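Have a look at the structure below, then the notes.
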Amino acid sequence: MERNEVGRAISLAQDVRRHFHVFHEDTAKLTRLLDHDYSEIVGVPQTVRRRFAIERALETMFGNLHGGWHLELWATLAPIEFRLKLGSAWAQYQARNAQEVHYYQKYSSRLSEPDVVEAIKGEMRWLSMVDLNSKVVWCTAVDIATSTGASSQDGLEAAWFDDVNQAFVQLEKHSLIRRDASLRAQLSRLTLKQLTDYMVQRGIAGRGRKNRLIDLILENSPQSEIIDYLSKHHLPRVVELTLTYPAATRMFVRMQLYRLNIYVRWLEQTVEIGKKWGGDFADLDECLQEARIAKRTARSRFPAFPRWTGARMSPYTRRDFQKEALEYLKRPEIPVVEMFWDEHCDEIVKQLAETYRFQAPWHARETLREYWGPDRMNLLDSKLDEIRGAHSAVAYYAKARLYLLGCYPEPKRRRCAVCGADYWEDELGSRDVERMGGRYSFCRECVTIACQPDYRVRSGRRRSRQQKLADLVELSEALERVPTKSFVRNPVISPSLSEDEAKRIVKVLVHIASPDIYEEEFGSWLEALTEAGILETPARPTVFGVECLAKDGHLCASLAEKTVDDWLFEQEIPHEREPKYPYDPELNPSGLLRADWKIHDIYVEYYGLDSPEYLLKAREKAKLARRHNLRLIEINPEDLEALEEKFDQVLNAGNGEPK
Numbered sequence: 020m021e022r023n024e025v026g027r028a029i030s031l032a033q034d035v036r037r038h039f040h041v042f043h044e045d046t047a048k049l050t051r052l053l054d055h056d057y058s059e060i061v062g063v064p065q066t067v068r069r070r071f072a073i074e075r076a077l078e079t080m081f082g083n084l085h086g087g088w089h090l091e092l093w094a095t096l097a098p099i100e101f102r103l104k105l106g107s108a109w110a111q112y113q114a115r116n117a118q119e120v121h122y123y124q125k126y127s128s129r130l131s132e133p134d135v136v137e138a139i140k141g142e143m144r145w146l147s148m149v150d151l152n153s154k155v156v157w158c159t160a161v162d163i164a165t166s167t168g169a170s171s172q173d174g175l176e177a178a179w180f181d182d183v184n185q186a187f188v189q190l191e192k193h194s195l196i197r198r199d200a201s202l203r204a205q206l207s208r209l210t211l212k213q214l215t216d217y218m219v220q221r222g223i224a225g226r227g228r229k230n231r232l233i234d235l236i237l238e239n240s241p242q243s244e245i246i247d248y249l250s251k252h253h254l255p256r257v258v259e260l261t262l263t264y265p266a267a268t269r270m271f272v273r274m275q276l277y278r279l280n281i282y283v284r285w286l287e288q289t290v291e292i293g294k295k296w297g298g299d300f301a302d303l304d305e306c307l308q309e310a311r312i313a314k315r316t317a318r319s320r321f322p323a324f325p326r327w328t329g330a331r332m333s334p335y336t337r338r339d340f341q342k343e344a345l346e347y348l349k350r351p352e353i354p355v356v357e358m359f360w361d362e363h364c365d366e367i368v369k370q371l372a373e374t375y376r377f378q379a380p381w382h383a384r385e386t387l388r389e390y391w392g393p394d395r396m397n398l399l400d401s402k403l404d405e406i407r408g409a410h411s412a413v414a415y416y417a418k419a420r421l422y423l424l425g426c427y428p429e430p431k432r433r434r435c436a437v438c439g440a441d442y443w444e445d446e447l448g449s450r451d452v453e454r455m456g457g458r459y460s461f462c463r464e465c466v467t468i469a470c471q472p473d474y475r476v477r478s479g480r481r482r483s484r485q486q487k488l489a490d491l492v493e494l495s496e497a498l499e500r501v502p503t504k505s506f507v508r509n510p511v512i513s514p515s516l517s518e519d520e521a522k523r524i525v526k527v528l529v530h531i532a533s534p535d536i537y538e539e540e541f542g543s544w545l546e547a548l549t550e551a552g553i554l555e556t557p558a559r560p561t562v563f564g565v566e567c568l569a570k571d572g573h574l575c576a577s578l579a580e581k582t583v584d585d586w587l588f589e590q591e592i593p594h595e596r597e598p599k600y601p602y603d604p605e606l607n608p609s610g611l612l613r614a615d616w617k618i619h620d621i622y623v624e625y626y627g628l629d630s631p632e633y634l635l636k637a638r639e640k641a642k643l644a645r646r647h648n649l650r651l652i653e654i655n656p657e658d659l660e661a662l663e664e665k666f667d668q669v670l671n672a673g674n675g676e677p678k
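Per our numbering, the sequence shown starts with residue 20, numbered consecutively.
Below, the structure written as structure tokens:
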């Protein structure tokens, strides 16, 4: 790398550090930008550089900021990394956030035993690992606050906004972000009804699709009126990032999820230690629940970073996995793991191999945690933490043991059920197999394209309008229900489906356009379903999804709820819609808390959203059911393909009477 490029990069990082001083009490953490090892990104060829606008991803995240946790994105301006974090700001600025709360100072007064205090102080270094990123998160979040009309009354000082503007000027100066979206881009975020209302109020005549209405508004309205109308709707500003190295970005996202796991583990250990000494850790226990929710939210909210979709992926290079696994036995962390390993551990991984096959090593850690117990597991982790790069030691050692015991499955050469390409079974990752319901019937490329809509952007745009409608009809027939936008965006095939049914679904997913493309062309996912003839009953969009009528006339808040209600109707199972939970002075003081359905004495809940507030409310409902000994069936989006299993206790009883 040229010396002058490094000098400019370091100078830029120093400027960023100066401007972000207000957002981080410990600005020394930003020296991480200067000490980064450039080797992993310098060698990337210029041809892989591409621009990726993440407006929709940001819009999705910003919709769940209020009272939520933090999410992180990352952009590079070679060779310096800029890690942009998107998180809650004005409502929860002084709340429980891993970067702001010093738990030792907050809770040490409640602990009387010196040993406990020392133990917690030892765990504080985990918290510092989470705290490696700059406070650009607050710039972004506060910028959202200003654009949605928030003020200092929402928990921010007036001077804060001036500092935010200065920080954004610095970022815009170096073309790292762009805040000001065009009026067309901002209008495109409005619904068709909002655009129509604007035209009626201003006396603008015209009909058509969304893009046509936007053209009419821009032609017949002054900019000041449009901006004034937009300010009344809580629309986030558009922020565009230039991602120079998508591969490195994906690696960073995985690392942040790992750090989030560390944070969750630190909270678990602290709560456990504190409860042993009778401390009041109710607030910290709530932090733990929110952190677990953040982990789930992060996995579903991180935007996908697409690769080139015009050509097939490079052929999979066959490696000698057995040799690699046995070579791992020479690593320095092996003696540490062997101290805890015994014959029963071998039996455990053997059983895992029978169930999970090639993914067995990655399930070993959680299974062995139950056998070893939390104390021994924490002791093992503390020893492994002293060795660099040993965070997956248990998984790799389990894999080596399976080879030594002769129990590692022999991978077979298979032919993809969709594209016909040959592949090895162990080419698929654990996440690929999980999404396919434990199947190895599809090659790595087909699974990736089917499960990540961003890989289908180019091919989806090339499909005609009639082809897009036909794809929706075909997917609806394959699923035997109304396809939801969340399923197309993040599909999970149920293990209960037959091979032919799974094959039919995946064949549609590999070429159907992403939901974003449908919204661009048809105005909304609902309008596309209606034009395709899939939805015939009245429906309208809501915050929960698409409000529509089920076959029995019940009003459902989303297409997924309609799927469950229709299934109950087809199975002739009597069900009550939105029954009330019993009164509880703590969890249901108003007595208005409702479930989605009730079948005799069984309450049924469908959890279709992943916002922190929604998931916390779902946790409260489950707690309420346990406290009052209520029978509760909980349904997640991935369960829609296997409703027979979820309602097994109802079906087996006959006549809809539960056991």
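Backbone N, C-alpha and C fix where the C-beta goes; we use that ideal spot for every residue, glycine too. Note that the structure is a prediction, hence the values are computed from the model and not measured.
- Message: Can you confirm whether the segment 455-466 touches the segment 490-501 when touching is taken to mean that 3 or more C-beta pairs between the two stretches lie within less than 8 Å?
- Response: Contact fails between the segment 490-501 and the segment 455-466, because fewer than three Cβ pairs, one in each stretch, are under 8 Å apart.
- Item | Val219 in three-state terms, based on DSSP | It is helical.
- Message: Let's test the definition: count the other Cβ atoms within 10 Å of the Cβ of Thr503 and tell me whether it reaches 16, buried, or not, exposed.
- Response: Buried, since its Cβ has 16 or more Cβ neighbours within 10 Å.
- Task: Return helix, strand or coil for Tyr416, following the three-state DSSP convention.
- Result: The answer is helix: DSSP assigns Tyr416 an H, G or I state.
- Excluding the five sequence neighbours on either side, which residues of its own chain have a C-beta within less than 8 Å of the C-beta of Ile536, listed in chain order? Result list for Ile536: Val476, Gly479, Arg480 and Lys487, in chain order.
- Query: For Trp616, does the three-state DSSP call read helix, strand or coil?
  - Reply: Annotated three-state conformation of Trp616 is strand, per DSSP.
- Task: Taking 8 Å as the threshold, find out whether the segment 383-402 comes into contact with the segment 358-374 through three or more Cβ pairs.
- Result: Touching, per the Cβ criterion.
- At what residue ranges does the segment 502-543 contain a whole run of the alpha helix (DSSP H), taking only runs of 4 or more? Listed in chain order, they are 504-508, 518-528 and 534-541.
- Task: Could you name the residues of the same chain whose beta carbon sits closer than 7 Å to that of Glu595, not counting the 5 residues immediately before and after it, in chain order?
- Result: The answer, listed in chain order, is Trp616 and Lys617.
- Query: How is the alpha helix (DSSP H) around Arg362 delimited, first residue to last?
  - Reply: For the sequence presented, residue 362 should be read as Glu rather than Arg. Per DSSP, Glu362 belongs to the alpha helix (DSSP H) from Glu362 to Tyr375.
- Task: Pull up the distance between the alpha-carbon of Ala440 and that of Arg482, whole angstroms please.
- Result: Each residue's CA atom was taken as its position, placing Ala440 and Arg482 some 23 Å apart.
- Taking the alpha helix (DSSP H) that Val452 falls in, what are its first and last residues? Segment Ser449 to Arg454, the alpha helix (DSSP H) holding Val452.
- Whole alpha helix (DSSP H) elements within the segment 551-609, 4-residue minimum: Correct list: 578-589.
- Message: To the nearest angstrom, how far is the alpha carbon of Ala547 from that of Leu235?
- Response: Distance between the alpha carbons of Ala547 and Leu235: 22 Å.
- By Cβ distance, which residues of its chain are closer than 7 Å to Leu649, with the 5 residues on each side in sequence left out? Listed in chain order, the non-local C-beta contacts of Leu649 below 7 Å within the same chain comprise Tyr622, local neighbours out to five positions each way being set aside.
- Message: Determine, for Ala412, whether the minimum Cβ-Cβ distance to residues of chain D falls below 8 Å.
- Response: Of the protein chains in the structure, only one exists, and it is not chain D.
- When we look at the beta-carbon of Leu399 and count the other beta-carbons within 10 Å, is it buried (16 or more) or exposed? By the neighbour-count rule (16 or more Cβ atoms within 10 Å), Leu399 is buried.
- Report buried or exposed for Thr582, applying the criterion of at least 16 other Cβ atoms within 10 angstroms of its Cβ. The residue in question, Thr582, is buried, as its Cβ has 16 or more Cβ neighbours within 10 Å.
- Can you grab the Cα-Cα spacing for the pair Glu496 / Ser401, in whole Å? Using only the alpha carbons, I get a separation of about 52 Å.
- Message: Per DSSP, what are the beta-bridge partners of Glu653 in this structure?
- Response: Note: Glu653 sits in a beta bridge opposite Glu624.
- Item | Delimiting residues of the beta strand (DSSP E) encompassing Arg432 | Looking at the DSSP string, the run of the beta strand (DSSP E) that includes Arg432 is Arg432 to Arg434.
- Task: Mind checking who Asp441 pairs with in its DSSP beta bridge?
- Result: Beta-bridge analysis with DSSP links Asp441 to Arg434.
- Does DSSP put Phe666 in a helix, in a strand, or in coil? It is coil, neither helix nor strand.
- Check Ile353 in the structure and name its three-state DSSP category. In the three-state DSSP reduction, Ile353 falls in the helix class (H, G or I).
- Message: Can you tell me where the alpha helix (DSSP H) holding Pro241 begins and where it ends?
- Response: Where Pro241 is concerned, there is no enclosing alpha helix (DSSP H), because DSSP gives it neither an H nor an E.
- Message: Determine whether the beta carbon atoms of Glu657 and Ala641 lie at a separation below 8 Å.
- Response: No, the Cβ-Cβ distance between Glu657 and Ala641 is not below 8 Å.
- Task: State the DSSP-derived secondary structure class of Ala383, mapped to helix, strand or coil.
- Result: Assigned with DSSP and collapsed to three states, Ala383 falls in helix.
- Query: For Gln471, which of helix, strand or coil comes out of DSSP?
  - Reply: In the structure shown, Gln471 sits in coil (DSSP, three-state: anything other than H, G, I, E or B).
- Query: How many Å lie between Ala344 and Leu447 at the Cα?
  - Reply: Looking at the two C-alpha atoms, the distance is approximately 17 Å.
- Can you check whether the CB of Gly542 is closer than 8 Å to the CB of Arg228? Their beta carbons are under 8 Å apart, which means Arg228 touches Gly542 by this criterion.
- Check each candidate in Asp603, Val219, Ala419 and Val507 and name the one with the smallest Cα separation from Pro380. Among Asp603, Val219, Ala419 and Val507, the Cα nearest to that of Pro380 is on Ala419.
- What's the call for Val525, buried or exposed, on a 16-neighbour Cβ count within 10 Å? By the neighbour-count rule (16 or more Cβ atoms within 10 Å), Val525 is buried.
- May I ask you to report which of helix, strand or coil DSSP gives Asn648? Asn648: coil per DSSP, three-state reduction.
- Indicate the three-state DSSP secondary structure (helix, strand or coil) for Thr159 in the structure shown. Low per-residue confidence applies at Thr159: pLDDT is 39, beneath 50, and the placement is therefore not dependable, though the value from the model is reported in the following sentence. Three-state DSSP puts Thr159 in a helix.
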